[in-house]
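S.K.: Protein chains in written order, with our numbering: chain A, 186 to 423; chain B, 186 to 423.
Here a beta-carbon is modelled for each residue, glycine too, at the ideal position from N, C-alpha and C.
Protein chains: 2
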Amino acid sequence: MTKVTAQMSVSLDGYYAGPRHSGDGSWIDSAEAAGFFRITRWVIDAMAWRERQGFAGGQKDTNSDIIAETFEAAGAYVMGRRMADGGEVPWGEEPPFRAPVFVVTHRPRQTLVRRGGTSFTYVTDGIASAIEQARAAANGKNVAVAGGGSLLRQVIEAGLLDELELHVVPVVLGTGMRLLDAGLGLADKEAIELTPTRVVHTPGVTHLRYTVNGRAALVLDDRGSGTGEPMPADGDGA
Amino acid sequence: MTKVTAQMSVSLDGYYAGPRHSGDGSWIDSAEAAGFFRITRWVIDAMAWRERQGFAGGQKDTNSDIIAETFEAAGAYVMGRRMADGGEVPWGEEPPFRAPVFVVTHRPRQTLVRRGGTSFTYVTDGIASAIEQARAAANGKNVAVAGGGSLLRQVIEAGLLDELELHVVPVVLGTGMRLLDAGLGLADKEAIELTPTRVVHTPGVTHLRYTVNGRAALVLDDRGSGTGEPMPADGDGA
């Protein structure tokens, strides 16, 4: 059965890149890029990712297997416009997706057909529509939300994501673009519950996969701790 | 050799409690508490934690073993004043620490000696001093930073933490108090590098333990991806 899935590499503090680049200077010299390349180093080192990009070399290891499996499971993609535009030149004539990609945008554009099975269809009537079109095109495989982060956050906020895999990289960035942030629109005493389905650890990255169960009220449950306040969480050292 | 260690339960988005409670109403009814008790449910269910609190029952399982091991490894504690004050009544005459606790505070107070090996010494000359006093008292065991979150963040910021274990709970809170936040004071293109040393997964929580290597410059390393921009991280869906 088709699931709507997503995976993203994040730092231990939840950032997928440094602070968003805008204005002067090139992206590659930005703090956004420095953070992004630290977080995705394990991807770029992996043979399965390099193959898809047409690059030689790389390591054939557990990380590479996970990337291969992720590509293989996706029958169609949903993507944000900034990511699609940013990738257009580097991905070239034969992009790594090898499947239909539905780009969520406000600016219409004609479908772009590339070699190897990749096409980019620009969807202007919203995220849910893009996911439905991708579902129809996925041939029973998964619909993968490719990114970027703000699109994925919108998909989660809308309750449309079935499975989330975070690749947690052992670094703290302290600042940058965070996937799971206030944009999720959760109220006080409201949460999104998940069920872990797989944990795979390698030295450079820990892969945490979850089924997304959806929003739920946070009902107080102190498990009969008796005191109501066994261990207050915060101390200001004052 | 004595290490300075810390462990904290956090949501998948990095919160250890809901939004900080202040003003009207009781703590137990606050969003802070609702988040805190969701995040620490696995702790309260564990036999090793309940034993230390003098509560009956609980589960004897991997989570309980990890808690027992964590208590056992600590020869002394460092704690923030809000946590110490909040725990004073519920912890009672025989607190769960069974070791000297050094409380970082601006307000002097006489040392409080409790039963079972726990004492609370109030340190007014800073975090580094509290850690040094704890180190001297630890008898070769570890100095554990007990919390709360803002004290632990200050210890990390000061470069004084050797080992960090995060217990990642499968829930997204969306808002609240975050351990790894802007208070770390990291500049753009600066990061804290860690080395994972142990990953233990149970259905209710994933335990990620790291050695903290310290601050490092984020030097751009695109690993010969060739393009400089293989997959931009963010898409705004616009």
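How about B/A329 and B/F287: do their beta carbons lie closer than 8 Å?
M.R.: Residue mapping note: residue 329 of chain B aligns to position 144 of the second sequence, counting from 1. Residue mapping note: residue 287 of chain B aligns to position 102 of the second sequence, counting from 1. Cβ distance not < 8 Å, so B/A329 and B/F287 don't count as in contact.
S.K.: Just reading off the beta strand (DSSP E) that B/Q192 is part of, what are its end residues?
M.R.: Numbered from 1 along the second sequence, position 7 holds the residue referred to as residue 192 of chain B. Unbroken beta strand (DSSP E) run through B/Q192: 189 to 196.
S.K.: Could you work out which residues of chain B lie near A/P381, taking near to mean beta carbons separated by less than 8 Å?
M.R.: Position 196 of the first sequence holds residue 381 of chain A. Under the 8 Å cutoff, chain B gives P355, H386, P388, T391.
S.K.: Using a Cβ-Cβ distance cut-off of 8 Å, determine whether A/A259 contacts chain B.
M.R.: The residue given as residue 259 of chain A occupies position 74 in the first sequence. Cβ-Cβ to chain B under 8 Å: no for A/A259.
S.K.: Whose C-beta lies closer than 8 Å to the C-beta of A/V384 among residues of the same chain, with five residues either side of it excluded?
M.R.: Here the question's residue 384 of chain A lines up with position 199 in the first sequence. Hits under 8 Å: T391, H392, L393, R394.
S.K.: Can you confirm whether A/E378, when its beta carbon is compared against all beta carbons of chain B, has any partner nearer than 8 Å?
M.R.: The count along the first sequence starts at 1 and reaches residue 378 of chain A at position 193. It does: the Cβ of A/E378 has a partner Cβ on chain B nearer than 8 Å.
S.K.: If I'm right that A/P189 touches A/L351 with Cβ under 8 Å, what's the distance once you round it to whole angstroms?
M.R.: For the purposes of this step, residue 189 of chain A is identified with residue 4 of the first sequence, where counting begins at 1. For the purposes of this step, residue 351 of chain A is identified with residue 166 of the first sequence, where counting begins at 1. Rather than Pro, the amino acid found at residue 189 of chain A in this sequence is Val. Not quite, the Cβ-Cβ distance comes to about 16 Å (not below 8 Å), so this is no contact.
S.K.: Please compile the residues from chain A whose C-beta is within a distance smaller than 8 Å of the C-beta of B/P204.
M.R.: For this step, residue 204 of chain B is matched to residue 19 along the second sequence. Ordered by position in chain A, the residues that pass the 8 Å Cβ test against B/P204 are D373.
S.K.: Could you check how far apart the C-beta atoms of A/T306 and A/T290 are, in whole angstroms? I think they sit under 8 Å.
M.R.: One-based indexing of the first sequence puts residue 306 of chain A at position 121. One-based indexing of the first sequence puts residue 290 of chain A at position 105. Rounded, the Cβ-Cβ distance is 10 Å, inconsistent with contact.
S.K.: Mapping DSSP to helix, strand and coil, what is B/R299?
M.R.: Along the second sequence, read from residue 1 onward, the residue named residue 299 of chain B stands at position 114. If DSSP states are grouped into helix, strand and coil, B/R299 belongs with coil.
S.K.: Do we get a CB-CB distance below 8 Å when we pair B/Y395 with the residues of chain A?
M.R.: The residue labelled residue 395 of chain B in the question sits at position 210 within the second sequence. Cβ-Cβ to chain A under 8 Å: yes for B/Y395.
S.K.: For A/V228, collect the residues of the same chain with a Cβ closer than 6 Å to its Cβ; drop the 5 residues on either side in sequence, then sort them by chain order.
M.R.: Taking the first sequence and counting its residues from 1, the one referred to as residue 228 of chain A is at position 43. Here the set comprises W234.
S.K.: If you measure from the beta carbon of B/G152 to each beta carbon in chain A, is any gap under 8 Å?
M.R.: Missing from the structure shown is residue 152 of chain B; chain B here goes from 186 to 423 and no further.
S.K.: Counting only C-beta atoms, is A/A253 closer than 8 Å to chain B at any point?
M.R.: For the purposes of this step, residue 253 of chain A is taken as the residue at position 68 of the first sequence. No, because no Cβ of chain B sits closer than 8 Å to the Cβ of A/A253.
S.K.: Going along the chain, which residues of its own chain have a beta-carbon closer than 7 Å to the beta-carbon of A/Q192, five neighbours each way excluded?
M.R.: For this step, residue 192 of chain A is matched to residue 7 along the first sequence. Result list for A/Q192: T255, E350, H352, in chain order.
S.K.: Please say whether B/G359 and A/L337 have beta carbons closer to each other than 8 Å?
M.R.: The residue given as residue 337 of chain A occupies position 152 in the first sequence. The residue given as residue 359 of chain B occupies position 174 in the second sequence. Going by C-beta atoms, A/L337 is not nearer than 8 Å to B/G359.
S.K.: Between which residues of its own chain and B/E261 is the CB-CB distance below 6 Å, once the five residues before and five after are set aside?
M.R.: Within the second sequence, residue 261 of chain B is the residue found at index 76, counting from 1. In the sequence under discussion, the amino acid at residue 261 of chain B is Ala, which differs from the Glu named in the question. Excluding positions up to five away in sequence, the list reads A284, P285, A319, A322, A323, V328.
S.K.: Determine, for A/G208, whether the minimum Cβ-Cβ distance to residues of chain B falls below 8 Å.
M.R.: Here residue 208 of chain A is taken as the residue at index 23 of the first sequence, counted from 1. No, no contact with chain B.
S.K.: Looking only at C-alpha atoms, which of B/I312, B/G301, B/M268 sits nearest to B/G333?
M.R.: Residue 333 of chain B sits at position 148 when you count from the first residue of the second sequence. The option with the nearest alpha carbon to B/G333 is B/M268.
S.K.: Residues of chain A with a CB under 9 Å from the CB of B/G199: which are they?
M.R.: Here residue 199 of chain B refers to the residue found at position 14 when the second sequence is read from its first residue. Contact annotation for B/G199 against chain A: L197, D198, G199, R363, L365 [CB-CB distance below 9 Å, chain order].
S.K.: Given that a residue counts as buried once 16 or more other Cβ atoms are within 10 Å of its Cβ, and exposed if not, what is A/E257?
M.R.: Translated into positions along the first sequence, residue 257 of chain A becomes position 72. It counts as exposed.
S.K.: So if DSSP puts B/S211 in a beta bridge, which residue, or which two residues, is it bridged to?
M.R.: Numbered from its first residue, the second sequence carries residue 211 of chain B at position 26. DSSP lists no partner for B/S211.
S.K.: Which residue from A/E348, A/A376, A/P355 puts its Cα closest to that of B/G361?
M.R.: As a position in the second sequence, residue 361 of chain B is number 176, starting the count at 1. Comparing alpha-carbon positions, the option among A/E348, A/A376, A/P355 lying closest to B/G361 turns out to be A/A376.
S.K.: Nearest CA to the CA of A/L198: which residue from A/V356, A/P388, A/V397?
M.R.: Locating residue 198 of chain A in the first sequence gives position 13, counting from the first residue. Reading off the sequence shown, one finds Asp at residue 198 of chain A, where the question assumed Leu. Ranking A/V356, A/P388, A/V397 by Cα distance to A/D198 puts A/V356 first.
S.K.: Taking Cβ-Cβ distances shorter than 8 Å, what residues in chain B pair up with A/R237?
M.R.: Within the first sequence, numbered from 1, the residue matching residue 237 of chain A stands at position 52. Chain B residues near A/R237: none, gap ~10 Å exceeds 8 Å.
S.K.: Go ahead and pull the three-state DSSP assignment for B/V288.
M.R.: By one-based count along the second sequence, residue 288 of chain B stands at place 103. Looking at B/V288 - three-state DSSP - the assignment turns out to be strand.
S.K.: Output the boundary residues of the alpha helix (DSSP H) element that contains B/T309.
M.R.: Here residue 309 of chain B corresponds to residue number 124 of the second sequence, with the count starting at 1. Element bounds for B/T309: n/a, residue is neither H nor E.
S.K.: Which of the three DSSP states is assigned to B/L351 in this structure?
M.R.: Residue mapping note: residue 351 of chain B aligns to position 166 of the second sequence, counting from 1. Strand.
S.K.: Between which two residues does the beta strand (DSSP E) holding B/G399 run?
M.R.: Numbered from its first residue, the second sequence carries residue 399 of chain B at position 214. Element bounds for B/G399: 390 to 402.
S.K.: Once you ignore the five residues that flank B/A315 on each side, which residues in its own chain have a CB closer than 7 Å to its CB?
M.R.: Reading the second sequence from its first residue, position 130 is the one you call residue 315 of chain B. So the list reads V263, F287, V289, V308, once near-sequence residues are dropped.
S.K.: Round the Cβ separation of B/L126 and A/F222 to the nearest angstrom and send it over; I've been treating them as touching at under 8 Å.
M.R.: This structure cannot speak to residue 126 of chain B, because chain B is shown only from 186 to 423.
S.K.: Starting from the N-terminal side, write out each stretch of the alpha helix (DSSP H) that is 4 residues or longer and does not extend beyond the segment 200 to 253 of chain B.
M.R.: Whole alpha helix (DSSP H) segments, 4+ residues: 216 to 224, 226 to 229, 232 to 238.
S.K.: Grab me the residues of B/P381's own chain with a C-beta within less than 6 Å of its C-beta, minus the 5 sequence neighbours each way, in chain order.
M.R.: As a first step, residue 381 of chain B must be located in the second sequence, where it is residue number 196. Excluding residues within five positions, the ones whose Cβ falls inside 6 Å are Y395.
S.K.: To the nearest whole angstrom, what separates the beta carbons of A/D310 and B/P204, a pair I think is in contact under 8 Å?
M.R.: By 1-based counting over the first sequence, the position of residue 310 of chain A is 125. By 1-based counting over the second sequence, the position of residue 204 of chain B is 19. Between B/P204 and A/D310 the Cβ distance is about 36 Å, and since that is not below 8 Å, they are no contact.
S.K.: Which word fits A/D419, buried or exposed, when buried means at least 16 other C-beta atoms lie within 10 angstroms of its C-beta?
M.R.: Here residue 419 of chain A corresponds to residue number 234 of the first sequence, with the count starting at 1. At A/D419, the pLDDT of 42 sits below 50, so the modelled position is not reliable; the number obtained from the coordinates is stated separately. That one is buried.
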